[in-house]
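As they're listed, the protein sequences go chains A and B.
Quick note on full-length UniProt numbering: the first sequence kicks off at 1 and runs consecutively.
Quick note on full-length UniProt numbering: the second sequence kicks off at 1 and runs consecutively.
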Amino acid sequence: MSHSRSKHSFRTRAIHVGNEVDPQTGAVVPPIHLASTFRQPGAGEWGDFDYSRSGNPTRSNLQSTLTSLEGGCGSLAFSSGMAAIHGVTMMLSTGDHVLAGCDLYGGAYRLLHKICSRSGIDVTLVDMTDTGAVEAAIQPNTKLIWAETIGNPRLSIPDLPSLAKIAKSRGVRIGVDNTFGTPSLIRPLECGIDIVMHSATKYLGGHSDCLGGTLSVADQILFDELYYIQNATGAVLDPLSCFLVSRGLKTLDLRVREQSATSLKLAVWLQQHPQVKSVLYPGLETHPQHAVAKELLNGGFGAIVTFELDAGIKETAKVCETTSLFHLAVSLGAVESLIEQPATMSHASYDAADRAKFGITDGLIRLSVGLESYEDLQADLEQAIAAARAK
Amino acid sequence: MQTDMSIESDANSGSQSSPNSSETNSSAADGSQVVPSPPLTELQPEAGLSTRCVHSGERRQKSEGSITAPIFTASTYTFDSTESLMRFVNGNEQREEYGRYGTPNEKSVEAKLAALEGAEQAILYSSGMAAIVGLLMSKLSSGDEIVFFDQCYHRSREFCTKHLSRFGVVTRQVKTGDFDAMEAAINRNTKMLVSESPTNPHLTAVDLERFAAVGKANEVETLIDATLATPYNIRPVDFGVDYVLHSATKYLGGHNDLMAGVICGRKEQLESVRALRGILGSVNSSHNLYLLERGLKTFELRMQRHNENGQRIAEFLDAHPRVEKVYYPGLKSHPSHEIAASQMRGFGGLITFTIKDADWKQTAQVVDAAQIPRIAPSLGGVESLIEQPLVMSYYHCTPAEREQFGIADNMIRMACGIENAEDLIADLKQALAT
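This is how it looks when you write it as structure tokens:
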């Protein structure tokens, strides 16, 4: 990473840091290194790279860019977002306790409840927006607090600086999934968070065409610990995907700001729609953590809009199936807009009781707003809601 | 369409379907192995530009339900029986045959580009030069003549004057924007009028309505290289221009990581062009087309920033005491500002400027002092590039030739990327202070 670049603004760094000109050829875009292994200068003498699981130039470039964007000391690219979270939980041991947010991605919920639990790691879910409740839920064996900067699917926004303070005072590590927030809108390391995780599949890659996960940290000892785990367990991101994520990062800021602006307009429109019971969007004053969102998020409230239809499970499903621009698919964060029903799709891995408890109702719809124009997306939703009602 | 089986299937290459016409696929019920392609995403006529960038030309339902286009690396496409092959040869089925004649990735990107350009069809080539060569080779024969405005990409000029000339094609160059000279140069052998708009590197905007009208009045076809403008800023077919050329390597791909070219126009006029491409084979790999398609998804956002950066940096340079002259159509001082402002939505990211009282070495010092833009040819990518035309492209010309082409020793060409304008301005400020 070039330190002279650190004075530049976000968008400039997204384009230049980690994309240094290839010294051998002058290529303005670094070459993609597919090599699994690297020739060494001598027996027992090691070059910068030896074996691609341990380090790869293309992956290293992506990690440098991300470190600059998240404002940390180092980043690691994993083969998926889940692999990245798993990397974090691999730091735990039998008998440890994890405190996680109750507004949590279904895959993280499953990892904690179905996989980590098998290793004798205990999990408690708590409302991360209630800092008092978080503090009260910390146990002597709590080793990790895991939150999301913008919760999934209810878009709850925890007060990260306060959470970081609590975690620090109790000697507990705190990691956050910043997938919905993106470093363009919020940089949790600057709030005192220890580990920032991304599903790079979403906004970082941004084009629905590669899987990836990342961890960024501000502490070298923690970085070394996570690097050791990644190298030992091997869930690294392949060079072609690293290239695609790096390419995506160059337009991250443009995409996220545009998508956030469109999302706010859609949320305002949905709010006055007669068939819509409620809209959850951090940019709306009705959002319970709107004040926190305004304070923490810089220049946008993200591009996920959740709303609840005044409808049952079937009619809600019908809306999701009737859109002509929004694609019916899980995932999010890309140029094309997606629509899904959390109860049957992204959060189907929750127990029914937990779904009810955490407000993942049958009428809930989650939108991932892409780059299409607001007018086109609004017209599409309007016709889909009308068509489903007419059935 | 021939019915005689003895005719080589190569003869079909000229009848490859347009990107939008493959809706008529036969159904699978007739025994065909090829499942009919699902329809393209339907867009309203008034759909926004980014909506088109993301969805135009793409099938709503792709193979395996993929959100993004699968990359077809196959060089050839199978027929399940002689009967199925005959259906194809007889023109009763539109489908893939051999990679050189078209691929699913190519069709989809061509349809997207045609939608952005407001043209009936687009034909992709392996580079911008391959595109202009492909068009001219298919439209010109020995004894034909072309007339073009003299400010242009030097390789386009070189192809016409050094290579087309070997095949008996006469090239006449007239001063850019001098329509009287252009009319005077047209004779009964003239087949094509060629110009860039804006031109490279002087950024002269050409009055496209007049350009197209001169062509029509003389029954000569017209070609505009709109690489520097892009369909975000101008759509030449809306002015009556016959063919639009882009080096898609630039703003369309947008990430300085692929080479491609495209010709847009009317289906009927492009049939022979497509047929010749099938023979000459300057086509793209599907890997490359995928990157181009991916780049197009953020086209509108990138162009907004390129335009904004171009305008702000041009204004900064214009006010700088060390800068002698700025060539940017968005500046009132630019000779073709009025034409540009009347026909363009924005003016792009390319700026040419000269340094006051500087020789070539002092000019090179400014280029070398810039920290953000890298020294390289090309333009239109997210990262800014800078170069001194004297050294980069005209080094081997005589001083007389350079004067003829308007290339001054103290000239710098900067291709603004999409970095923050404040960073680029701060960088240029320090570079100009050296």
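Cβ atoms here follow ideal geometry from the backbone N, Cα and C, with glycine treated the same way.
Q | Where residue 229 of chain A sits in the DSSP three-state scheme | A | For the purposes of this step, residue 229 of chain A is taken as residue 229 along the first sequence, with counting starting at 1. Three-state result, residue 229 of chain A: helix.
Q. Are the beta-carbon atoms of residue 16 of chain A and residue 383 of chain B separated by less than 8 Å?
A. Here residue 16 of chain A is taken as the residue at index 16 of the first sequence, counted from 1. Here residue 383 of chain B is taken as the residue at index 383 of the second sequence, counted from 1. Cβ atoms of residue 16 of chain A and residue 383 of chain B: closer than 8 Å.
Q | C-alpha distance - residue 60 of chain A paired with residue 253 of chain A, whole-angstrom precision | A | Mapped onto the first sequence, residue 60 of chain A falls at position 60. Mapped onto the first sequence, residue 253 of chain A falls at position 253. So the alpha carbons of these two residues sit roughly 21 Å apart.
Q.
With a threshold of 7 Å on Cβ separation, who are the neighbours of residue 113 of chain A within its own chain once the five nearest residues in sequence on each side are excluded?
A. One-based indexing of the first sequence puts residue 113 of chain A at position 113. Result list for residue 113 of chain A: 123, in chain order.
Q. Could one say the Cβ of residue 312 of chain B lies closer than 8 Å to chain A's Cβ atoms, at least one of them?
A. One-based indexing of the second sequence puts residue 312 of chain B at position 312. Not closer than 8 Å to any Cβ of chain A, the Cβ of residue 312 of chain B fails to qualify, so no.
Q: Verify the CB distance criterion: does residue 162 of chain A have a CB-CB separation below 8 Å to chain B?
A: For the purposes of this step, residue 162 of chain A is taken as residue 162 along the first sequence, with counting starting at 1. No, no contact with chain B.
**Q.** Proximal residues, the region 359-377 of chain B versus chain A, C-beta separation under 9 Å
**A.** 371, 372, 374, 375, 376
**Q.** Endpoints, beta strand (DSSP E) assigned at residue 77 of chain A
**A.** Translated into the one-based positions of the first sequence, residue 77 of chain A becomes position 77. 74-78 is the extent of the beta strand (DSSP E) around residue 77 of chain A.
Q: Assign residue 289 of chain A to buried or exposed, taking buried as 16 or more other Cβ atoms, counted over all protein chains shown, within 10 Å of its Cβ.
A: By one-based count along the first sequence, residue 289 of chain A stands at place 289. Buried.
Q) Which residues, in chain order, does the region 91-117 of chain B contribute to contact with chain A at a C-beta distance below 9 Å? A) none
Q: Report all residues from its chain with a CB closer than 8 Å to the CB of residue 137 of chain B; omit the five preceding and five following residues, and keep chain order.
A: Along the second sequence, read from residue 1 onward, the residue named residue 137 of chain B stands at position 137. Same-chain partners within the cutoff: 276, 280.
Q. Using a beta-carbon distance below 8 Å, is residue 388 of chain B in contact with chain A?
A. Here residue 388 of chain B is taken as the residue at index 388 of the second sequence, counted from 1. Judged by the 8 Å Cβ criterion, residue 388 of chain B is not in contact with chain A.
**Q.** CA-to-CA distance, residue 40 of chain A to residue 305 of chain B, given in whole angstroms
**A.** Counted from its first residue, the second sequence places residue 305 of chain B at position 305. Counted from its first residue, the first sequence places residue 40 of chain A at position 40. In a straight line, the C-alpha of residue 305 of chain B is about 44 Å away from that of residue 40 of chain A.
(Q) Let me see if you follow: with CB-CB separation under 8 Å, is residue 254 of chain A close to chain B or not? (A) On the first sequence, position 254 is the one that residue 254 of chain A refers to. Judged by the 8 Å Cβ criterion, residue 254 of chain A is in contact with chain B.
Q.
Just checking: is the beta-carbon of residue 370 of chain A within a distance shorter than 8 Å of some beta-carbon in chain B?
A. To locate residue 370 of chain A, count along the first sequence from 1; it is residue 370. Chain B, which has a Cβ nearer than 8 Å to the Cβ of residue 370 of chain A, makes this yes.
**Q.** Terminal residues of the alpha helix (DSSP H) in which residue 179 of chain B lies
**A.** Position 179 of the second sequence, counting from 1, holds the residue named residue 179 of chain B. It spans 179-185 - the alpha helix (DSSP H) in which residue 179 of chain B sits, taken as one unbroken run.
Q) residue 44 of chain B touches chain A at which residues, Cβ-Cβ below 8 Å? A) Here residue 44 of chain B refers to the residue found at position 44 of the second sequence. Those are 376, 379, listed as they occur along chain A.
Q: Measure from the C-beta of residue 349 of chain B to each C-beta in chain A and report whether the shortest distance is under 8 Å.
A: Taking the first residue of the second sequence as position 1, residue 349 of chain B is located at position 349. No, residue 349 of chain B does not count as interfacial toward chain A.
Q: Would you list, in chain order, the members of the region 290-312 of chain B that have their beta-carbon closer than 9 Å to a beta-carbon of chain A?
A: 290, 291, 294, 295, 297, 298, 300, 301, 302, 304, 305
(Q) So, for residue 297 of chain A: in the same chain, excluding its five sequence neighbours on each side, which residues have a beta-carbon less than 6 Å away from its beta-carbon? (A) Your numbering for residue 297 of chain A matches position 297 in the first sequence. Within the same chain, residue 297 of chain A has close Cβ partners 185, 186.
Q | Nearest neighbour of residue 347 of chain A, chosen from A:205, A:106, A:89, A:131 [CA to CA] | A | Taking the first residue of the first sequence as 1, we reach residue 347 of chain A at position 347. The shortest Cα separation from residue 347 of chain A among A:205, A:106, A:89, A:131 belongs to A:106.
Q: Express the C-alpha separation of residue 31 of chain A and residue 399 of chain A in angstroms, rounding to a whole number.
A: No answer is possible for residue 399 of chain A: the residues shown for chain A start at 1 and end at 391.
Q | Proximity winner among A:334, A:168, A:125, relative to residue 259 of chain A (alpha-carbon distances) | A | What you label residue 259 of chain A is simply residue 259 of the first sequence in a count that begins at 1. When each option's Cα is compared against that of residue 259 of chain A, the closest is A:334.
Q. Thinking just about the alpha-carbon of each residue, which of A:209, A:385, A:249, A:189 is nearest to the one in residue 65 of chain B?
A. One-based indexing of the second sequence puts residue 65 of chain B at position 65. Residue 65 of chain B has its Cα closest to that of A:209, out of A:209, A:385, A:249, A:189.
Q. So which residues on chain A does residue 419 of chain B lean against when the C-beta distance must stay under 7 Å?
A. In the second sequence, residue 419 of chain B corresponds to position 419, counting from 1. Under the 7 Å cutoff, chain A gives 11, 12, 15.
Q. From residue 18 of chain A to residue 11 of chain A, what distance separates their C-alpha atoms?
A. Counting from 1 along the first sequence, the entry for residue 18 of chain A is found at position 18. Counting from 1 along the first sequence, the entry for residue 11 of chain A is found at position 11. Their Cα atoms are separated by approximately 13 Å.
Q: Mark residue 42 of chain A as exposed unless 16 or more other C-beta atoms lie within 10 angstroms of its C-beta, in which case mark it buried.
A: Residue 42 of chain A sits at position 42 when you count from the first residue of the first sequence. Residue 42 of chain A is exposed by the Cβ-count criterion.
Q. Expressed to the nearest angstrom, what Euclidean distance is found between the alpha-carbon atoms of residue 157 of chain A and residue 113 of chain B?
A. In the first sequence, the residue the question calls residue 157 of chain A occupies position 157. In the second sequence, the residue the question calls residue 113 of chain B occupies position 113. Computed Cα separation, rounded: 41 Å.
Q: Please state whether DSSP places residue 1 of chain A in a helix, a strand or coil.
A: For this step, residue 1 of chain A is matched to residue 1 along the first sequence. Low confidence applies to residue 1 of chain A: its pLDDT is 38, below 50, so where it sits in the model is not reliable enough to give any reading.
(Q) For a contact defined as C-beta to C-beta under 7 Å, what are the partners of residue 50 of chain B on chain A? (A) Looking up residue 50 of chain B in the second sequence gives position 50. 371, 372, 373, listed in chain order.
Q) So, is residue 217 of chain B buried or exposed, given that buried needs 16 or more other C-beta atoms within 10 angstroms? A) The residue given as residue 217 of chain B occupies position 217 in the second sequence. With fewer than 16 other Cβ atoms within 10 Å, it is exposed.
(Q) Based on DSSP bridge pairs, tell me the residues matched to residue 213 of chain A. (A) Position 213 of the first sequence, counting from 1, holds the residue named residue 213 of chain A. Residue 213 of chain A is bridged to A:78, A:199.
Q) Given that residue 423 of chain B touches chain A, what residues does it touch there, using C-beta distances under 7 Å? A) Along the second sequence, read from residue 1 onward, the residue named residue 423 of chain B stands at position 423. Per Cβ cutoff of 7 Å: 8, 9, 12.
Q: Determine the direct distance from the alpha carbon of residue 86 of chain B to that of residue 80 of chain B, and round the result to whole angstroms.
A: Walking along the second sequence from the start, residue 80 of chain B turns up at place 80. Walking along the second sequence from the start, residue 86 of chain B turns up at place 86. Those two C-alpha atoms are separated by around 11 Å.
Q: Return the residue from the list A:286, A:216, A:257, A:212 that minimises the CA-CA distance to residue 370 of chain A.
A: Start at 1 with the first residue of the first sequence, and residue 370 of chain A comes out as number 370. Checked all of A:286, A:216, A:257, A:212; the closest Cα to residue 370 of chain A is A:257.
Q | Residues that residue 54 of chain B contacts on chain A, provided the C-beta gap is smaller than 7 Å | A | Sequence index remark: in the second sequence, residue 54 of chain B carries index 54 (1-based). Ordered by position in chain A, the residues that pass the 7 Å Cβ test against residue 54 of chain B are 335, 336, 370, 371, 372.
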